[in-house]
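In short: position in the sequence shown from 1, add 43, done, that's this note's numbering. Right, one structure below, let's go through it.
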Amino acid sequence: MPIFVVQRHDASRLHFDLRLEIDGVLVSWAVPKGPSLDPRDKRLAVFTEDHSLDYAGFEGSIGGAYGAGTVIVWDTGGFENVTTRQGGPVGAGAALADGHLRFLLHGRRLSGGFALTRTNMSGDDRNWILVKIDDEGADRRRSPATTELTSVLSGRTNQDFEQR
Ligand code: MN
Numbered sequence: 044m045p046i047f048v049v050q051r052h053d054a055s056r057l058h059f060d061l062r063l064e065i066d067g068v069l070v071s072w073a074v075p076k077g078p079s080l081d082p083r084d085k086r087l088a089v090f091t092e093d094h095s096l097d098y099a100g101f102e103g104s105i106g107g108a109y110g111a112g113t114v115i116v117w118d119t120g121g122f123e124n125v126t127t128r129q130g131g132p133v134g135a136g137a138a139l140a141d142g143h144l145r146f147l148l149h150g151r152r153l154s155g156g157f158a159l160t161r162t163n164m165s166g167d168d169r170n171w172i173l174v175k176i177d178d179e180g181a182d183r184r185r186s187p188a189t190t191e192l193t194s195v196l197s198g199r200t201n202q203d204f205e206q207r
């Protein structure tokens, strides 16, 4: 099964990088507020550059102008594309090109269905919306993006990687 990873990236602006393994790369969105488990929430997800698969386990301190900061693996696990169109399955690459992707995550903090839909908000087609599908993985009371601060791989926090 392909994988997903959500990296908590404490940069000039804190965000969560959602990455889905599609056609051999990690297709990526920056989600400022992080994924929500509440199907009523619509989270902005800004399409960003693909990353290579070996970045999926990366944690540490990174440089650069915009992205400088620390990265932890906030959640990871299996990713299943379940997009359909007119009753038939649509491959993940085609769904991405169409601007609508429905998928299941099998992570520790995120599970069940999610949908990503490209919008043209602010005249920018990099702006997508991430929504939780209302299923057994939905939870209106829990808000892991704000309460869970550790890596699921190492137990470390972003702060642990700050250079001093
Ligand atoms: Mn980032």
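We put the beta carbon where it would ideally sit given N, CA and C, even for glycine.
> Would the C-beta of H143 count as close to ligand 1, meaning under 6 Å from any of its heavy atoms?
Replying inline: no
> Looking at L69 and H94, is the spacing between their C-beta atoms short of 7 Å?
Replying inline: Cβ distance < 7 Å, so H94 and L69 count as in contact.
> Across which residues does DSSP place L171 in a beta bridge pair?
Replying inline: First, the amino acid is wrong: residue 171 is Trp here, not Leu. DSSP, once it has assigned bridges, lists A88 and R161 as partnering W171.
>> Using only the alpha-carbon positions, how far apart do G198 and T189 sit?
In response: 16 Å
>> Going by DSSP in three states, F101 sits in which element: helix, strand or coil?
In response: The answer is coil: DSSP assigns F101 none of H, G, I, E or B.
> Helix, strand or coil for D141 per DSSP?
Replying inline: helix
>> Distance check for T162 and R128, CA to CA, integer angstroms please.
In response: 18 Å
> Which residues in the same chain as A181 place their Cβ atom closer than 8 Å to its Cβ, once the five residues preceding and following it in sequence are excluded?
Replying inline: L80, D81, P82, G155 and K175
> Under the criterion of a Cβ to heavy atom distance below 6 Å, does H52 qualify as lining ligand 1?
Replying inline: yes
>> Once the 5 residues before and after T160 are set aside, which same chain residues still bring their CB inside 7 Å of it?
In response: G142, H143, W171 and I172
> Taking all protein chains shown into account, do 16 or more other C-beta atoms lie within 10 angstroms of the C-beta of D118, making it buried, or fewer, making it exposed?
Replying inline: buried
>> For a cutoff of 7 Å on Cβ pairs, would you count S197 as touching chain B?
In response: Among the protein chains of the structure shown there is no chain B, as only one such chain exists.
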